[in-house]
Amino acid sequence: MTAVELMTASDRDLLRRYHEEGDATAREVLVERHLPLVRSLARRYAGRGESLDDIEQVGAIGLLKAIDRYEMSREVALTTYATPNVVGEIKRHFRDKGWAIRVPRALQELNGKMGPTIERLTSKLGRSPSIAEIAAEFKTTTEQVLEALEAGSAYAPLSLSAGPTGDEELDPMETIGTDDAGFERTDNRASLEPALESLPEREREILRMRFEDGLTQTQIAERIGISQMHVSRLIRRSLERMRSQLT
Amino acid sequence: MPVADRIELTTPIGPAWEAVIRMVLGGIADRLDLGFDQLDDLQLAVERLLAEGDPQNPVTLSFEVSPGGVRARVGPLRDTALADALQGPEPPPGELTLPRILSTVVDSYGVEEVSDDHLVVRLEKLVRNQ
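For the protein sequence lines, the chains are A and B, in the order given. By the count of the numbering used here, the first sequence reaches residue 249 at its end, each step adding exactly one. By the count of the numbering used here, the second sequence reaches residue 191 at its end, each step adding exactly one.
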């Protein structure tokens, strides 16, 4: 199928190509086609202490799950099937953060503004801002900034010291490449290399840029078009996943 | 380095206590006027070492804070075999190892103490001229 044919093919044709023939390009076209739906749904959850960019990325995971789990025997449009998946993913994201229970609303809001403000200050100063500079921007105390940053750290889905977890919460992006799972810890006890292939391509690339090419989180964020705080979270999550697989 | 202020924290290892450790690191970074990215680096370095700790036993983090930067000691860690890797040569490019991660996010690291069942690692993060 040519690129033009792929772009004009129906959702159902693309789903069939992906599920029955393993056509990854068909999956990509489906994702691109339905990202506006994700954005629309994500906007409903904006203003709750989380940046829209982050909510959209969480929603995109729900879209990927919907595409991957879609059963061809279903006589339902992908949009209909994907909507509860996307919303569910976003709700789970907020629930996992436990905002409503543990974090005061003012802190939630401060956390939500933190990423864009840090990016703006980084651009303005030509370096990463200090905690005091961030606090000055918000006209608040450095302790409040640290608490707000810590509130955002609760996002990390895997604990640093947690062992391997069940797969039921893993999103499709996280499970790409897991065919190689089951490797053993190498003689080099410090090496995470055997688990690298189990990560999605984007996470592998982020780790390469950070630890091989020596790029800063800010530079990586600019290259792949996400926030620096999101890069930080992805690096942590990737390293934790790799570590847990090797223990 | 000039005379340093000392902070010491002994804590269980586990999710419930990670926030406490991060807040301590945040407070130190604030007092040193470290950039947000430097704080994130320092937290990542400590987190990677804590991942090598023994969940059944507490870990002690001690910090020497001076105007030039912070020197941290983290231990005891469980996997003493890591000492060889941390004392060995720089890992080859393209291989993701704990030494490579540490060398990216802190200015220096090393093994402070090592025995059959005991490993303490030193980390150093310097104040960057801005």
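Here a beta-carbon is modelled for each residue, glycine too, at the ideal position from N, C-alpha and C. Every value quoted in this text rests on a predicted model; they were computed, and no experiment measured them.
Within this structure, are the beta carbons of residue i and residue j separated by less than 9 Å?
i, j, result
"residue 171 of chain B", "residue 138 of chain B", "no"
"residue 28 of chain A", "residue 16 of chain A", "yes"
"residue 117 of chain A", "residue 230 of chain A", "yes"
"residue 148 of chain A", "residue 88 of chain B", "yes"
"residue 102 of chain B", "residue 186 of chain B", "yes"
"residue 114 of chain A", "residue 200 of chain A", "no"
Could you work out which residue in the options is closest to residue i when comparing CA atoms only?
i, options, result
"residue 108 of chain B", "B:129, B:189, B:74", "B:74"
"residue 184 of chain B", "B:142, B:156, B:148, B:91", "B:148"
"residue 33 of chain A", "A:88, A:94, A:62, A:24", "A:62"
"residue 181 of chain B", "B:141, B:71, B:162, B:69", "B:141"
"residue 255 of chain A", "B:94, B:127, B:144", "In the structure displayed, chain A extends from 3 to 249; residue 255 of chain A sits before or after that span and is not available."
"residue 240 of chain A", "A:227, A:47, A:196", "A:196"
"residue 89 of chain A", "A:244, A:121, A:42, A:219", "A:42"
"residue 96 of chain A", "A:126, A:60, A:125", "A:60"
Note down the Cα distance separating residue i from residue j, rounded to an integer number of angstroms.
i, j, result
"residue 111 of chain B", "residue 198 of chain A", "20 Å"
"residue 185 of chain A", "residue 153 of chain B", "The predicted position of residue 185 of chain A is uncertain, since its pLDDT is 29 and thus under 50; a value taken from the coordinates is nonetheless stated next. The alpha-carbon atoms of residue 185 of chain A and residue 153 of chain B are separated by roughly 21 Å."
"residue 81 of chain A", "residue 69 of chain A", "10 Å"
"residue 208 of chain A", "residue 120 of chain B", "30 Å"
"residue 145 of chain A", "residue 10 of chain A", "53 Å"
"residue 108 of chain A", "residue 40 of chain A", "27 Å"
"residue 118 of chain B", "residue 77 of chain A", "55 Å"
"residue 128 of chain A", "residue 165 of chain B", "20 Å"
"residue 135 of chain A", "residue 86 of chain B", "17 Å"
"residue 133 of chain B", "residue 93 of chain B", "14 Å"
"residue 133 of chain A", "residue 64 of chain A", "34 Å"
"residue 105 of chain B", "residue 215 of chain A", "18 Å"
Buried or exposed for residue i, please, with buried defined as at least 16 other CB atoms from any protein chain shown within 10 angstroms of its CB.
i, result
"residue 98 of chain B", "buried"
"residue 79 of chain A", "exposed"
"residue 211 of chain A", "buried"
"residue 102 of chain A", "In this predicted model, residue 102 of chain A has a pLDDT of only 41, less than 50, meaning its place in the structure is not dependable; the value taken from the coordinates is given anyway. Exposed, because fewer than 16 other Cβ atoms sit within 10 Å of the Cβ of residue 102 of chain A."
"residue 74 of chain A", "exposed"
"residue 160 of chain B", "buried"
"residue 130 of chain A", "buried"
"residue 155 of chain B", "exposed"
"residue 64 of chain B", "exposed"
| request: Just list the alpha helix (DSSP H) runs in the stretch 36–88 of chain A, keeping only unbroken ones of 4 residues or longer that don't cross its boundaries, in chain order. | output: 54–71
| message | Quick check on the DSSP output: what are the complete beta strand (DSSP E) runs of length 3 or more inside the stretch 148–181 of chain B, in order along the chain? | response | List check, beta strand (DSSP E) in window: 169–176.
| said: Report the start-end ranges of each beta strand (DSSP E) in the stretch 105–133 of chain B that is 3 residues or longer and not cut off at the edges. | reply: 120–127
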